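Residue numbers (this note's numbering), protein chains in the order written: chain A, 41 to 369; chain B, 19 to 570. Accompanying notes for the structure given below.
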Amino acid sequence: MFRILHDTNYDFIRWWKVMAAITIGFILLGLGSLAIKPPNYSIEFTGGTLMQLQFTQPPDVGEIRSTLDDAGIHGAEIQQFGSNRDFTVRAQNAAQVAAQARGAENIAVRIESVLKKKFGENSLRVIRTEAVGPRVGQELKRGAIIAILLSFLITLVYLSIRFEWRFATAAVIATSHDVFTTIAFLKLMHLEISLTVVAGLLTVLGYSLNDTIIIFDRVRENLRKGRKETLYETLNRSINETLPRSVLTHVTTFVATLALLIFAGEVIRPFAWVMAFGIVTGTFSSIYVAAPVLLWIERKWPRKTGARQSSSTVTPTSRTRRSPATATR
Amino acid sequence: MNLKWRIGIILGLTVLSFWALFPRTVVERVKRNGEFVYDTVRRVPLKRGLDLQGGMHLALEVDESKGLVPDKSKAIDNALKVVRNRIDEFGVSEPLVQKAGNDRIIVELPGIDDPRRAQDVVQKSAFLEFQITDETQALDKALPRIDAALKDTKVAVATAAPTGNKDTSNAGLQSLFTADTSKKADSTKKDTAATVATTVGGPGAFSKLIQPGSMPGEYFVAQSDVSLVTQYLSQPQVIAALPPGKVIRWSSDTLSYGNRIYRPLYVLDAKPIITGEYLTDAKPNTSPTEGNLVQFTMNNEGARRFRMETARHIKDFMAIVLDQRVMGRPPVIQSAIGANGQITMGGKDLQAAQDLALVLRAGSLPVPLKIADVTQIGASLGKDSIHKGITAGIIAVALVVIVMLGYYRFSGALAVAALALYILYTLAALAGFSAVLTLPGLAGFVLSIGIAVDANVLIFERIREELAHGKTVRTAIDEGFRHAMSAIVDSNVSTALTAAVLYQYGTGPVRGFAVTLLAGIAASMVTAIFVVRTFYMIWLNRSSEAQTTLSI
């Protein structure tokens, strides 16, 4: 049997102050940079027009830009997208969005016609067009925020039922932490916030929650065993016991993410980046946010004294499902 | 549950999945040589989203730029029927037309190759009017007033012309046959800038741009002046100076005299003698003398009215106005016209005649619609996405298999077998619920392959712990499964809840992602808990003497 990290006994939680400093620093860095310059929202959120064009010959970006400028489409962002023949054109500024409120297709039609006039009728193909009115974008933004908050609420309720409120709160705080670190990551990586990225963020939240629950499940079980140890020790023990599982699951998830990152193409890459970061932050928060927060809550609102020592019921909601095998341990 | 039952259930699920995914014959409506035919194709019944198969997504809203619409929801309901009729005749295999929220129509056209034509068919108001051209020289009489009005505001026009207003004039021009006017609009725009400099400021700013045509109420405007005249006509002062009871409409065609191109402008009686609401049928046709045209038929009441009105206007010219554009040159009314009539298409191709007949048949839109949101994805991009997604999926599976086999050996092999079933079940569930597979969904699926083994990992680690405590193999397996259960259930249920929220609040691709995620969670719980357990049971039962060592 090949085992890694078996029977470890690291004192993970001892480092929580250092880790808190690191993660708060990271979040502040991200939010600070957000304060200086707002994040890049995709067309879906801001409204505007995005076109993905494929040229038969590698074109000169400057030439595309000047052609668009001449046609009165100012400030369009032109980016290479994959190969040097594929480009995206984003017309996203306020004037263009306002013009689009009258009819979303106009700008795309104009971009296509001026570029075809400049480069020749058959020199480029429109691979993809997305034109979104400003109203749709507003609704999407609201929808995304509602989705995140609602998922928190539902998680809180579910975990309160399955564990108890202390665990539920700690888990939700750990997950909120991931929202902030991921936003900071998006900003620092200059990734565009699109619907797909929001989906990625929600997946990260689910994944991180998963990880927290696995550890808390161990804590719940260890508490039931009624060892004579503090919650601090129980948490450390639980993290150590679930360590092999954590490592292995993160490895398999990470290789799948890596496959997406490398092979699934430009469109999916931002999603894969979010997910790759999510594995890191999710693991981190399960250990260094969820556990210290749980300790803090425990100190603030302690359980009934003696409850932890009693071998029968630890929490009012927990169910005893102990098998004879573990009891004799 | 005994072993036979377990194996039976697994086999049953597997057969069911294969059946759900087996390529089957589906009937599709396709357009072939301009005709709609039903055709059968064999394919795997997995619905691909627009982003994977290419196509077009449109969101339409009531256009209130030309006046407020009091009851938008009702207007959208009525418009929905018209749009649906038009799309049904348009010949897309699996179109989707639905109301979204209170005031929006969503149209999805998979595999569409001519997005602009599709937009046009959806958006065209198709409001048909028959109006008599003005016989009283009302515009001629009003010209001095218009010129005077422009003189007062010429500065405003001169500064506004080169920068602002381009879009409005453009939009006006594009209300019909977007494809060809967009190019013209472009060329005229440059000309406009030039003309503005030379013409504005002189006396008779308006009157010198137009010249009388050959029939009452007809004027010619040089093609290069069209957008300038359109701008003038949209000035409030000019609108106030226009003759009352008359409307001014552009022709849909241009005429050339010598080497100059002109676009006719018509002054018409504002009250139409009849509108398209009595129309019962419209067919495209080609005539050797008049080119492509659309023949229409009216119902009895319409025919009666039409006969009566045309009898009153013999020798007058009747303009056929579609969406505020005069179609062709107004013909003279020779004698009373009954139920049948025709609209000539000028130089437009048969496709244009077909599309016009289509929208006339489907009825006119009760309110003008604007496109709030359009996404168009080329078929090649969709194919490319699928190809890349599958590549990533295969590599992800391969890597996960290596990790699992390398770390857990025999037990890992069981997990890998369960993973194969996981992939099968998930895809079958997607097909079974006719969920739409989107690109984020595909990515979510690839990712879920990595996450799916989590449950196995949890169980295997537990079994290892139990073995380390000196349990027998059989007990360790039982205990391992039992102890891992609560963690597996809690983590999966909370992920499923998040996915449900995503489904509820997501749109399009994200919704597809949520569905994939949900299917994946369900399948992974079945395979990791039930299937792998059964595999272990088979293995334990295989030899009579209890297995003493477990490769894990």
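All C-beta atoms, glycine included, are put in the ideal place defined by N, C-alpha and C. All values reported here derive from a predicted model rather than from experimental measurement.
So if DSSP puts VAL379(A) in a beta bridge, which residue, or which two residues, is it bridged to? A query on residue 379(A) cannot be resolved here, the shown segment of chain A reaching from 41 to 369 and no further.
Out of LEU437(B), LEU283(B), LEU114(B), GLY459(B), which has the shortest C-alpha to C-alpha gap to LEU157(B)? As a first step, residue 157(B) must be located in the second sequence, where it is residue number 139. Taking only the C-alpha atoms, the option nearest LEU157(B) is LEU283(B).
Please name the residues in the region 319 to 330 of chain B whose beta-carbon is closer than 9 Å to at least one beta-carbon of chain A, in chain order. none
What do you reckon, are the CB atoms on ASP257(A) and ASP508(B) nearer than 8 Å? By one-based count along the first sequence, residue 257(A) stands at place 217. By one-based count along the second sequence, residue 508(B) stands at place 490. Against a cut-off of 8 Å, the Cβ pair of ASP508(B) and ASP257(A) comes out as a contact.
Beta carbon proximity, LYS401(B) to chain A, threshold 8 Å: Here residue 401(B) refers to the residue found at position 383 when the second sequence is read from its first residue. Judged by the 8 Å Cβ criterion, LYS401(B) is not in contact with chain A.
Determine whether the Cβ of PHE159(A) lies closer than 8 Å to any Cβ atom of chain B. In the first sequence, residue 159(A) corresponds to position 119, counting from 1. Chain B, which has no Cβ nearer than 8 Å to the Cβ of PHE159(A), makes this no.
When VAL285(B), SER252(B), GLY263(B), VAL265(B) are compared against MET233(B), the one with the closest alpha-carbon: Taking the second sequence and counting its residues from 1, the one referred to as residue 233(B) is at position 215. The option with the nearest alpha carbon to MET233(B) is VAL285(B).
Are the Cβ atoms of LEU442(B) and THR43(B) separated by less than 8 Å? Reading the second sequence from its first residue, position 424 is the one you call residue 442(B). Reading the second sequence from its first residue, position 25 is the one you call residue 43(B). Not a contact, by the Cβ cut-off of 8 Å.
Return the residue from the list GLN255(B), GLY231(B), ALA97(B), ARG551(B) that minimises the CA-CA distance to GLY430(B). On the second sequence, position 412 is the one that residue 430(B) refers to. Here the closest residue by C-alpha is ARG551(B).
From the beta carbon of TYR198(A), is the nearest beta carbon of chain B less than 8 Å away? To locate residue 198(A), count along the first sequence from 1; it is residue 158. So, interface residue.
Between TYR247(A) and MET59(A), which are expected to be in contact by the criterion C-beta below 8 Å, what is the C-beta distance as a whole number of angstroms? Here residue 247(A) refers to the residue found at position 207 of the first sequence. Here residue 59(A) refers to the residue found at position 19 of the first sequence. Not a contact, Cβ separation roughly 19 Å.
Rounded distance between the beta-carbons of SER200(A) and ALA208(A), thought under 8 Å: The residue you call residue 208(A) lines up with position 168 of the first sequence. The residue you call residue 200(A) lines up with position 160 of the first sequence. Contact flag correct, Cβ pair sits at about 4 Å.
Our contact map puts ARG125(A) next to GLY88(A) with C-beta atoms below 8 Å; I'd like the distance itself, whole angstroms only. Against the first sequence, residue 125(A) aligns to sequence position 85. Against the first sequence, residue 88(A) aligns to sequence position 48. Their Cβ separation, rounded to whole angstroms, is 23 Å, which puts ARG125(A) and GLY88(A) out of contact at 8 Å.
Please go through the region 231 to 318 of chain A and give each complete beta strand (DSSP E) segment of 3 or more residues, from N-terminal end onward. none
Run down chain A in chain order and give the residues with a C-beta less than 9 Å from the C-beta of LYS117(B). As a first step, residue 117(B) is located in the second sequence; it is residue number 99 there, counting from the start. The contacting residues do not exist; LYS117(B) stays about 15 Å from chain A at best.
Does the Cβ of PRO99(A) have 16 or more other Cβ atoms within 10 Å, making it buried, or fewer, making it exposed? In the first sequence, residue 99(A) corresponds to position 59, counting from 1. Buried is the call here.
In angstroms, rounded to a whole number, what distance separates the CA positions of ASP95(B) and VAL87(B)? Here residue 95(B) refers to the residue found at position 77 of the second sequence. Here residue 87(B) refers to the residue found at position 69 of the second sequence. Cα to Cα, the separation comes out at about 13 Å.
Please name the residue, chosen from ARG347(B), HIS331(B), ALA438(B), that lies closest to ALA354(B) on a Cα-to-Cα basis. In the second sequence, residue 354(B) corresponds to position 336, counting from 1. Considering only alpha carbons, the answer is HIS331(B).
Completely contained beta strand (DSSP E) runs for the region 78 to 161 of chain B, where each covers 3 or more residues: Entirely contained in the region 78 to 161 of chain B, the beta strand (DSSP E) runs reaching 3 residues are, in chain order, 114 to 118, 122 to 128, 146 to 150.
Unbroken stretches of the alpha helix (DSSP H), 4 residues or longer, contained in the region 76 to 130 of chain A: 83 to 86, 101 to 110
Would you verify that the beta carbon of TRP557(B) is, or is not, closer than 8 Å to some beta carbon of chain A? The count along the second sequence starts at 1 and reaches residue 557(B) at position 539. No - not a single Cβ of chain A is within 8 Å of the one on TRP557(B).
Should TYR523(B) be flagged as near chain A, meaning a C-beta pair shorter than 8 Å? As a working mapping, residue 523(B) is identified with position 505 in the second sequence. Yes, because at least one Cβ of chain A sits closer than 8 Å to the Cβ of TYR523(B).
With 16 other CB atoms within 10 Å as the buried threshold, where does ASP51(A) fall? Stepping through the first sequence from its first residue, residue 51(A) is reached at position 11. Per the 10 Å Cβ criterion, exposed.
When you compare the CB of PHE52(A) with every CB in chain B, is at least one pair closer than 8 Å? Here residue 52(A) refers to the residue found at position 12 of the first sequence. Output row for PHE52(A): interface = no.
What does the Cβ neighbour count give for SER403(B), buried or exposed, with the cut at 16 atoms within 10 Å? On the second sequence, position 385 is the one that residue 403(B) refers to. It counts as buried.
Just mark TYR275(B) as buried or exposed, buried being the case when its beta carbon has 16 or more other beta carbons within 10 Å. In the second sequence, the residue the question calls residue 275(B) occupies position 257. The residue is exposed, with fewer than 16 neighbouring Cβ atoms inside 10 Å.
Less than 8 Å between the C-beta atoms of ASP69(B) and GLY538(B), yes or no? In the second sequence, the residue the question calls residue 69(B) occupies position 51. In the second sequence, the residue the question calls residue 538(B) occupies position 520. No. Outside cutoff.
Beta-carbon proximity list for THR321(A), same chain, < 6 Å, skipping 5 on both sides: In the first sequence, residue 321(A) corresponds to position 281, counting from 1. Hits under 6 Å: ASP218, THR221.
For PRO262(B), I'd like the list of residues in its chain whose CB is within less than 6 Å of its CB, leaving aside the five on either flank, ordered along the chain. In the second sequence, counting from the first residue as 1, residue 262(B) sits at position 244. Answer for PRO262(B): no residue qualifies.
Looking at the secondary structure, which residues open and close the alpha helix (DSSP H) in which TRP205(A) lies? Position 165 of the first sequence holds residue 205(A). Its alpha helix (DSSP H) spans residues 205 to 228.
What is the rounded straight-line gap between the Cα of MET543(B) and the Cα of ALA447(B)? As a working note, residue 543(B) is residue 525 in the second sequence. As a working note, residue 447(B) is residue 429 in the second sequence. Approximately 14 Å, taken between the alpha carbons.
For a cutoff of 8 Å on Cβ pairs, would you count PRO98(A) as touching chain B? For the purposes of this step, residue 98(A) is taken as residue 58 along the first sequence, with counting starting at 1. Taking Cβ atoms only, chain B never reaches closer than 8 Å to PRO98(A), which makes this a no.
Is GLY322(A) helix, strand or coil when you go by DSSP? Locating residue 322(A) in the first sequence gives position 282, counting from the first residue. Reduced to three states, the DSSP call for GLY322(A) is helix.
Using a cut-off of 8 Å between C-beta atoms, extract the partners of LEU300(A) located in chain B. For the purposes of this step, residue 300(A) is taken as residue 260 along the first sequence, with counting starting at 1. What LEU300(A) touches in chain B: ALA410, ALA414, ALA461, VAL464, LEU465.
Run through the region 426 to 471 of chain B for me and flag every whole alpha helix (DSSP H) of 4 or more residues, listed as ranges in chain order. none
Residues of the region 161 to 177 of chain A in Cβ contact with chain B at a cutoff of 8 Å, in chain order, please. Of all residues in the region 161 to 177 of chain A, those with a C-beta nearer than 8 Å to a C-beta of chain B are ARG165, VAL166, ILE167, ARG168, THR169, GLU170, ALA171, VAL172, GLY173, ARG175, VAL176, reading in chain order.
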